[in-house]
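Taking it in order: structure first as structure tokens, then the write-up.
Number of protein chains: 2
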Amino acid sequence: MADYTPPLRDMRFVYHELLGCDDLAELPGFEEFTADLIDPILEEAGKICAEVLHPINRSGDEEGCRLENGVVRTPAGFPEAYRQFREGGWTAITCDPEYGGQGLPAAADVLVTEMICSANLSFGMYPGLSHGAYLALHSHGSEELKRAYLPKLVDGTWSGTMCLTEPHCGTDLGLLRTKAEPQDDGSFRVTGTKIFISAGEHDLTENIIHLVLARLPDAPKGSRGISLFVVPKFLPTAEGTPGERNGVMCSSIEHKMGIKASSTCVMNFDEAQGWLVGAPHKGLQAMFTMMNNERLAVGGQGLGLAEAAYQGSVAYARERLQGRSLTGTKAPDKPADPIIVHPDVRRMLLLQRAATEGCRAMAVWVAKELDKQERHPEPEVRKASEDFVALMTPIVKALFTDLGFENANLGMQVLGGHGYIREHGMEQYVRDARITQIYEGTNGIQALDLVGRKLGANGGRYLRRFFHPVAEYIEGHAETPEMAPYIAPLAKAFGRLQTATGTVAQRGLANPDEAGAAATDYMRLFGLTALGYLWARMAETAMAKSRESGDADGFYAAKQVTARFYMERVLPQTGALLSQIMAGGQTLMALDEAAF
Amino acid sequence: MADYTPPLRDMRFVYHELLGCDDLAELPGFEEFTADLIDPILEEAGKICAEVLHPINRSGDEEGCRLENGVVRTPAGFPEAYRQFREGGWTAITCDPEYGGQGLPAAADVLVTEMICSANLSFGMYPGLSHGAYLALHSHGSEELKRAYLPKLVDGTWSGTMCLTEPHCGTDLGLLRTKAEPQDDGSFRVTGTKIFISAGEHDLTENIIHLVLARLPDAPKGSRGISLFVVPKFLPTAEGTPGERNGVMCSSIEHKMGIKASSTCVMNFDEAQGWLVGAPHKGLQAMFTMMNNERLAVGGQGLGLAEAAYQGSVAYARERLQGRSLTGTKAPDKPADPIIVHPDVRRMLLLQRAATEGCRAMAVWVAKELDKQERHPEPEVRKASEDFVALMTPIVKALFTDLGFENANLGMQVLGGHGYIREHGMEQYVRDARITQIYEGTNGIQALDLVGRKLGANGGRYLRRFFHPVAEYIEGHAETPEMAPYIAPLAKAFGRLQTATGTVAQRGLANPDEAGAAATDYMRLFGLTALGYLWARMAETAMAKSRESGDADGFYAAKQVTARFYMERVLPQTGALLSQIMAGGQTLMALDEAAF
Chain A
384 MADYTPPLRD MRFVYHELLG CDDLAELPGF EEFTADLIDP ILEEAGKICA EVLHPINRSG
444 DEEGCRLENG VVRTPAGFPE AYRQFREGGW TAITCDPEYG GQGLPAAADV LVTEMICSAN
504 LSFGMYPGLS HGAYLALHSH GSEELKRAYL PKLVDGTWSG TMCLTEPHCG TDLGLLRTKA
564 EPQDDGSFRV TGTKIFISAG EHDLTENIIH LVLARLPDAP KGSRGISLFV VPKFLPTAEG
624 TPGERNGVMC SSIEHKMGIK ASSTCVMNFD EAQGWLVGAP HKGLQAMFTM MNNERLAVGG
684 QGLGLAEAAY QGSVAYARER LQGRSLTGTK APDKPADPII VHPDVRRMLL LQRAATEGCR
744 AMAVWVAKEL DKQERHPEPE VRKASEDFVA LMTPIVKALF TDLGFENANL GMQVLGGHGY
804 IREHGMEQYV RDARITQIYE GTNGIQALDL VGRKLGANGG RYLRRFFHPV AEYIEGHAET
864 PEMAPYIAPL AKAFGRLQTA TGTVAQRGLA NPDEAGAAAT DYMRLFGLTA LGYLWARMAE
924 TAMAKSRESG DADGFYAAKQ VTARFYMERV LPQTGALLSQ IMAGGQTLMA LDEAAF
Chain B
384 MADYTPPLRD MRFVYHELLG CDDLAELPGF EEFTADLIDP ILEEAGKICA EVLHPINRSG
444 DEEGCRLENG VVRTPAGFPE AYRQFREGGW TAITCDPEYG GQGLPAAADV LVTEMICSAN
504 LSFGMYPGLS HGAYLALHSH GSEELKRAYL PKLVDGTWSG TMCLTEPHCG TDLGLLRTKA
564 EPQDDGSFRV TGTKIFISAG EHDLTENIIH LVLARLPDAP KGSRGISLFV VPKFLPTAEG
624 TPGERNGVMC SSIEHKMGIK ASSTCVMNFD EAQGWLVGAP HKGLQAMFTM MNNERLAVGG
684 QGLGLAEAAY QGSVAYARER LQGRSLTGTK APDKPADPII VHPDVRRMLL LQRAATEGCR
744 AMAVWVAKEL DKQERHPEPE VRKASEDFVA LMTPIVKALF TDLGFENANL GMQVLGGHGY
804 IREHGMEQYV RDARITQIYE GTNGIQALDL VGRKLGANGG RYLRRFFHPV AEYIEGHAET
864 PEMAPYIAPL AKAFGRLQTA TGTVAQRGLA NPDEAGAAAT DYMRLFGLTA LGYLWARMAE
924 TAMAKSRESG DADGFYAAKQ VTARFYMERV LPQTGALLSQ IMAGGQTLMA LDEAAF
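Residue numbers (the numbering used here), protein chains in the order written: chain A, 384 to 979; chain B, 384 to 979.
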């Protein structure tokens, strides 16, 4: 397996140079997060990822999880790695200081998430899900629930889950059947079966806190009759230690294509004691707080795997000697040239690189707005940031995970047959990446969210948060000759996105199936255009920084080459996407179900 | 796991109605292969695939192969299934009747191959590799070798392998080190290590015949110094039974992402006795006979998995109830509508369908030309067919396997979380399909074959075998109003292909890296345009047949809808590909190796 090297240089570029995130320190609560604190945090995170989490990634995949008498054993090394992770404070970094957290800006946290997921996605699932449960409780729980659970979730001695899916319902949670019966003491008895529960049972923490969607007896049908409950594995004692065992059990674990060291459980709730979180029948809204955050985090998983695959590919392409350059021998002292001399290999490496660095920039861009949404003193700035984050969340989730999977497959193609066997670890990235396109709402569902809930909503207010700055940027650089190689293709892609937006909005009003028919292609068009905008900005920043302080290590020069590559070799996809969108939905709906 | 239903209706459409393969019966040796024999053969093949091979596909994946004391045990059911396969004559169908074969046209054999690979790709590897060895011996072996080995390979009591790859050389066979020392009796002693040897060791046959590339002591360096040897596991006795054990052993088997029931072996040759096949130092050419055939066969694997994934997706999309149609409830008697009502699900199903049926038509088209190449009485027809097959071989291999993998992934996306767990078998298709893009020359190597060896060769003679009929077809249908929805997009794609061809040929002459930079995109552009041509023809045939004999089962109507879908939703990709090609290779080559 290739080593993992935290891409700190590029992270600093994105955080400090490209997006100026140091100004986040001006927001209340973020005062201490100046560059001299952010950089060491990223370094330390990189260290534990490279030295503790990455070495058990492949062995964890080989070994997988085992269910023994209702207890899930994680693979060798996982409990010890978790102990170090927890003791290092990594479960607490973005949490509320009131409950023991460190309050790190999301703009830096996404980079930590990226590194964890590069190093060991399966491991990252445990604290990742836990953070989702933390958020739901933090946003919607009563003071009593918060005091009981948040400090433990923050310090990582306990972990959390999200229990949504049931055998007959995933996307359509309105169908769910799990029941909650009110008790005299104000608690509830929760009964039902949940499937696909990540981290539902494991041996990393002393207690597991389930956030469970269920129906109250008087619940209206469908998705407006769902409430959210907190159901601990062990009922907390008055002293805050794990007490009596609750009626929740893991009855089996799934055999999956990948993320094998992450336990995916079938959870049976049998009159388990739980407490209502938020208002009755408002569970879905409460869950969505957490799901939006999880969707951004899943985007970070895609990014992490994209980076890991890129690193593995480059290492192999430099070492593997095979054939000679078509333009003459490049390594005369060796029996063959390294395969990195071949243009088609470089094409694959640059596709990976353009995707990874582009997504990293987008991740921090969106996360910075999330920080402003939560901390900015001016309400209109908060609102604008909230709109932007709402708009970009489905794009980050779907685009990053699609590109993560594409990167892992490009990596396997660079490695050839050696990529298909387990030894190099590349095939694990492919298998691990594949789930990210599915969970937390399939990428098709993300696309429907974009066209259905974001595109036309509030008279296009969400959209303007993206369209206005991009239009201004293009206009503002139209006369800058050195930016021409970037602005011209970006303007073309942006024009296509504008055309598609108008068409999809108009057609979708008349016939919602038209919006559905366009959704996936529209989301890709949007995502690629957004990356185009960021690549133009990255090229501009690289030029400016290079003029300012030179380019001793060639970092800024490489950035500009990758930007050109993106414009020449990726952005043209937007033309095909526009044509596909304009074709409309008629042909899709023409066949009877029986004709398939 | 979803059932497998042999797509016999579509196969008959392609073979008889679209491509008129019944006229193959006019060729010498094919006299008996009229429709009344072809159809029952396909039906019988479908039966053994659906009833014998498919039921052990998932169990075979779960169990995998085991190496015990140098012997590989295939999974439960494999030896028995192989016995039935062999006794049914399926190892012999396309072989030379002189050695016990049945001489089936390749045009029908590709459909049998497709079904085997739909049902159980791992199983198909054993007879598939064996057929490669048969071909190499049949084309290049001495009479004595042929008499000794071919009847056993044909009747399937023995099997064969292709031993090319070594740890340090895959694509670049010029680096290979395995040695062959001549002996006084005219035989050779072969010593060396081969890796990634499919079916190198197993328990299905009583003997295994290795075709091995090695160097003679006086061999020139590089790829012009490689000879081909036949090295049996057991030396045949005078009676033709397996005799003394030869010095070849399986030292380990690979742990792979997929095709786990296919044994992938490290083979150690230790002074193993072998015999030269063909002329000294001409082994690579001899191997290429077999490799071209294997490349078409691997294309058939991609096609088979594309079909299997499509079937699994459709079955799930019809059964899974989730949400309601955006245009109003479609199944009021059910708690939710089947997901096939959603346009984005239909988009995925139609992408799968368009790929599968398009590739099936292309497979038979190319295979029919292969039959003409070998059997047509007129030399100029044979030559024309040979050119066409040479041109299309890399496209079939790469395009079909790329689309097979894409189809399997679309299938997983249709199934959502249920696709990621093993139960439904869809994730196995993804894992199994992935290798087909790599082995027998990665798809990048296929692209280099296309632009490097086929595009400019012989003054463009290869290309004309495709360009002329397509240009004529477009011209001939320019005035047919009912064909306009197909001809207009096809003409656009074809124009792009012509532009790209001229550009790549011209730039590649000046700088071979320019050809390499364009290769993968060019191949995709070529492949999609070729599918566009076939989809236009399929639409035309469907219209004609429908007028002629009605369309009681809606088959012809569905064909036309799928053709329109292909034109509207797939063919636009050609525009992006052309832009990417026109961008040239400069940016690809701009970065120093160290800058990656």
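Note that the Cβ used here is the ideal one computed from N, Cα and C, for glycine as well.
Fair warning: this is a prediction, and the values are worked out from it, not measured in the lab.
N- and C-terminal bounds of the alpha helix (DSSP H) containing residue 671 of chain B: 666-702
Secondary structure of residue 945 of chain A, DSSP reduced to three states: helix
Nearest-angstrom Cβ-Cβ length linking residue 401 of chain A and residue 947 of chain A, presumed shorter than 8 Å: Not quite, the Cβ-Cβ distance comes to about 17 Å (not below 8 Å), so this is no contact.
Short Cβ contact (8 Å threshold) for residue 791 of chain A with residue 700 of chain A: Not closer than 8 Å, so no.
Run of the beta strand (DSSP E) containing residue 610 of chain B, from where it starts to where it stops: 610-615
Residues that DSSP places opposite residue 549 of chain B in a beta bridge: B/552
Interface partners of residue 894 of chain B on chain A, CB under 9 Å: In chain order: 709 and 710.
Meets three-Cβ-pair contact criterion under 8 Å: the segment 762-772 of chain B and the segment 500-516 of chain B: no
Near-chain B residues of the segment 943-960 of chain A (beta-carbon distance less than 7 Å), N- to C-terminal order: 944, 947, 948, 951, 952, 955, 956, 958 and 959
Residue 677 of chain B to residue 671 of chain B span [Cα, whole Å]: 9 Å
Test item: CB-CB of residue 613 of chain B and residue 631 of chain B under 8 Å: When the beta-carbon positions are compared, residue 613 of chain B and residue 631 of chain B stay at least 8 Å from each other.
Segment limits, beta strand (DSSP E) that includes residue 634 of chain A: 631-636
Simplified DSSP assignment, three categories, for residue 658 of chain B: strand
Contact under 8 Å by Cβ, residue 645 of chain B with residue 866 of chain B: Not in contact: residue 645 of chain B and residue 866 of chain B (Cβ atoms no closer than 8 Å).
Exposure of residue 936 of chain B, with buried meaning 16 or more beta-carbon neighbours within 10 Å: exposed
Cβ of residue 813 of chain A within 8 Å of any chain B Cβ: Cβ-Cβ to chain B under 8 Å: yes for residue 813 of chain A.
Beta-carbon proximity check, residue 813 of chain A vs residue 817 of chain B, cutoff 8 Å: yes
Completely contained alpha helix (DSSP H) runs for the segment 750-822 of chain B, where each covers 4 or more residues: 762-798, 800-803 and 809-819
Identity of the residue in A/828, A/581, A/734 and A/923 nearest residue 639 of chain A by Cα: A/581
Expected contact under 8 Å - CB spacing of residue 659 of chain B and residue 571 of chain B to nearest Å: Separation of the CB atoms of residue 659 of chain B and residue 571 of chain B is rounded to 6 Å, and the pair is thereby assigned contact status at 8 Å.
Best match in B/737, B/415 and B/542 for proximity to residue 951 of chain B [C-alpha to C-alpha]: B/737
Residue-level contact to chain B via CB, residue 727 of chain A, 8 Å cutoff: yes
Proximal residues of chain B, C-beta to C-beta of residue 732 of chain A below 8 Å: Here the neighbours are 979.
Given residue 568 of chain A as reference, the closest of A/656, A/559 and A/549 once Cα atoms are compared: Ranking A/656, A/559 and A/549 by Cα distance to residue 568 of chain A puts A/656 first.
Beta-carbon neighbours of residue 558 of chain A, restricted to chain B and to distances below 7 Å: 718 and 719
Chain-order list of residues whose beta-carbon lies under 7 Å from that of residue 456 of chain A (same chain, five-residue window excluded): 448, 449 and 586
Cutoff 8 Å: residue 807 of chain B Cβ touching any chain A Cβ: no
Neighbour-count burial assignment, residue 751 of chain A, 16 or more Cβ in a 10 Å radius: Buried, by the Cβ-count rule.
Residues that residue 697 of chain B contacts on chain A, provided the C-beta gap is smaller than 7 Å: 979
Chain A residues whose Cβ lies nearer than 7 Å to that of residue 902 of chain B: 727
Candidates A/827, A/723 and A/874, of which the one nearest residue 798 of chain A by Cα: Of the candidates A/827, A/723 and A/874, the one whose C-alpha sits nearest the C-alpha of residue 798 of chain A is A/723.
Nearest to residue 512 of chain B (by Cα), restricted to the options B/527, B/523 and B/496: When each option's Cα is compared against that of residue 512 of chain B, the closest is B/496.
Cβ-based burial, residue 453 of chain B [other Cβ within 10 Å; buried from 16]: exposed
At least 3 beta-carbon pairs within less than 8 Å: the segment 869-880 of chain A vs the segment 956-965 of chain A: yes
Distance between residue 754 of chain B and residue 974 of chain B (C-alpha atoms, nearest Å): When rounded, the distance between both Cα atoms is 47 Å.
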